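Under full-length UniProt numbering, the first residue of the sequence shown carries the number 1, and numbering increases by one thereafter. Glycine included, each C-beta is placed from N, C-alpha and C at the ideal position. Since the model is a prediction, treat every value here as computed from it, not as a measurement. Just below is one structure, and these are the notes that go with it.
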Amino acid sequence: TSVDEDAFQGIRRLKELILSSNKITHLDNKTFHPVPNLRNLDLSYNKLQALQSEQFKGLRKLLILHLRSNSLKTVPIRVFQDCRNLDFLDLGYNRLRSLSRNAFAGLLKLTELHLEHNQFSKINFAHFPRLFNLRSIYLQWNRIRSLSQGLTWTWSSLHNLDLSGNDIAGIEPGTFQCLPNLQKLNLDSNKLTNIS
Numbered sequence: 001t002s003v004d005e006d007a008f009q010g011i012r013r014l015k016e017l018i019l020s021s022n023k024i025t026h027l028d029n030k031t032f033h034p035v036p037n038l039r040n041l042d043l044s045y046n047k048l049q050a051l052q053s054e055q056f057k058g059l060r061k062l063l064i065l066h067l068r069s070n071s072l073k074t075v076p077i078r079v080f081q082d083c084r085n086l087d088f089l090d091l092g093y094n095r096l097r098s099l100s101r102n103a104f105a106g107l108l109k110l111t112e113l114h115l116e117h118n119q120f121s122k123i124n125f126a127h128f129p130r131l132f133n134l135r136s137i138y139l140q141w142n143r144i145r146s147l148s149q150g151l152t153w154t155w156s157s158l159h160n161l162d163l164s165g166n167d168i169a170g171i172e173p174g175t176f177q178c179l180p181n182l183q184k185l186n187l188d189s190n191k192l193t194n195i196s
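This is the structure we're talking about:
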């Protein structure tokens with residue numbers, strides 16, 4: 001099942017679009033171009049396998065984007081770059097294995113990011129560039145074995161980091177040094193034997 005580029009033609013004032021719990025497998029690259037005033041877009045619980053490179057182009061007013069429980073394997077580079085006001089992004093319960101360095105480019109106002117229940121085996125904090133307002137990242141129940149700091153800047157906005165239910169056996173010195181304002185760190189249900 002797909003959604004064509006003309007599906008939402010003529011309803012430019014639309015602010016909320018709920019397409020959750022359907023059987024959508026494909027979205028045309030220009031599906032959401034006719035609705036630039038969207039604030040909330042819910043595509044969760046579908047069967048999307050991929051996002052197109054210009055999928056969210058022009059959605060500068062979008063605040064909330066739900067992509068939970070699909071079959072996404074990758075996040076195209078800069079796919080969210082026009083979503084400069086996005087506050088909440090949910091990519092949980094997909095099949096993501098890795099992230100490109102610029103996957104979240106442009107999300108300057110993002111405060112909450114859900115990546116739980118995917119297939120990540122490693123997380124490099126450098127792949128979250130310039131998310132200066134991000135307060136919470138949910139990475140629980142992946143397959144993360146190691147953390148790589150990789151940051152040359154201080155990520156002072158991050159308050160909540162959930163890494164529970166992964167395969168982390170050890171934490172190297174300085175791993176969380178770049179997160180001076182972290183208030184909650186959840187490492188429950190890992191395989192920790194060494195914390196330096």
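**Message:** Counting C-beta neighbours from all protein chains within 10 Å, is the total for S162 16 or more, i.e. buried, or is it exposed?
**Reply:** For this step, residue 162 is matched to residue 162 along the sequence shown. For the record, residue 162 in the displayed sequence is Asp; it is not Ser. Looking at its Cβ environment, which holds 16 or more other Cβ atoms inside 10 Å, D162 is buried.
**Prompt:** Of all the options L72, K47, N37, which has the alpha carbon lying nearest to the alpha carbon of G58?
**Reply:** Numbered from 1 along the sequence shown, position 58 holds the residue referred to as residue 58. Measuring from the Cα of G58, the nearest candidate turns out to be N37.
**Prompt:** Just reading off the beta strand (DSSP E) that N70 is part of, what are its end residues?
**Reply:** Along the sequence shown, one-based indexing puts residue 70 at 70. It is not in any beta strand (DSSP E) - N70 carries neither H nor E in the DSSP assignment.
**Item:** F56, DSSP secondary structure in three states
**Value:** Residue 56 sits at position 56 when you count from the first residue of the sequence shown. Coil at F56, not helix or strand.
**Range of the contiguous beta strand (DSSP E) that encloses E112** = Stepping through the sequence shown from its first residue, residue 112 is reached at position 112. Its beta strand (DSSP E) spans residues 112-114.
**Message:** Which same chain residues end up closer than 8 Å to L192 when comparing Cβ atoms and leaving out the 5 residues on each side of it in sequence?
**Reply:** Looking up residue 192 in the sequence shown gives position 192. Here the set comprises I168, A169, G170, I171.
**Message:** Classify L91: buried if its beta carbon has 16 or more other beta carbons within 10 angstroms, exposed otherwise.
**Reply:** Within the sequence shown, numbered from 1, the residue matching residue 91 stands at position 91. With 16 or more Cβ atoms within 10 Å of its Cβ, L91 is classed as buried.
**Prompt:** Which partner residues does E16 have in the DSSP bridge list?
**Reply:** Position 16 of the sequence shown, counted from the first residue, corresponds to residue 16. According to DSSP, E16 bridges with N40.
**Residues sharing a beta bridge with V35, DSSP** = Taking the sequence shown and counting its residues from 1, one reaches residue 35 at position 35. The partner list for V35 (beta bridge, DSSP) is empty, contrary to what the question assumes.
**Request:** Report the rounded CA-to-CA distance for N118 versus Q9, giving the unit in angstroms.
**Result:** Numbered from 1 along the sequence shown, position 118 holds the residue referred to as residue 118. Numbered from 1 along the sequence shown, position 9 holds the residue referred to as residue 9. Between N118 and Q9, the C-alpha separation is close to 34 Å.
**Prompt:** Assuming S53 contacts L27 under a Cβ cut-off of 8 Å, what Cβ separation, rounded to an integer in Å, is found between them?
**Reply:** Here residue 53 corresponds to residue number 53 of the sequence shown, with the count starting at 1. Here residue 27 corresponds to residue number 27 of the sequence shown, with the count starting at 1. With a Cβ gap of about 12 Å, S53 and L27 do not count as contacting.
**Asked** With burial defined as no fewer than 16 other Cβ atoms inside 10 Å of the residue's Cβ, what is the status of I11: buried or exposed?
**Response** Here the question's residue 11 lines up with position 11 in the sequence shown. By the beta-carbon neighbour count (other beta carbons within 10 angstroms, threshold 16), I11 is exposed.
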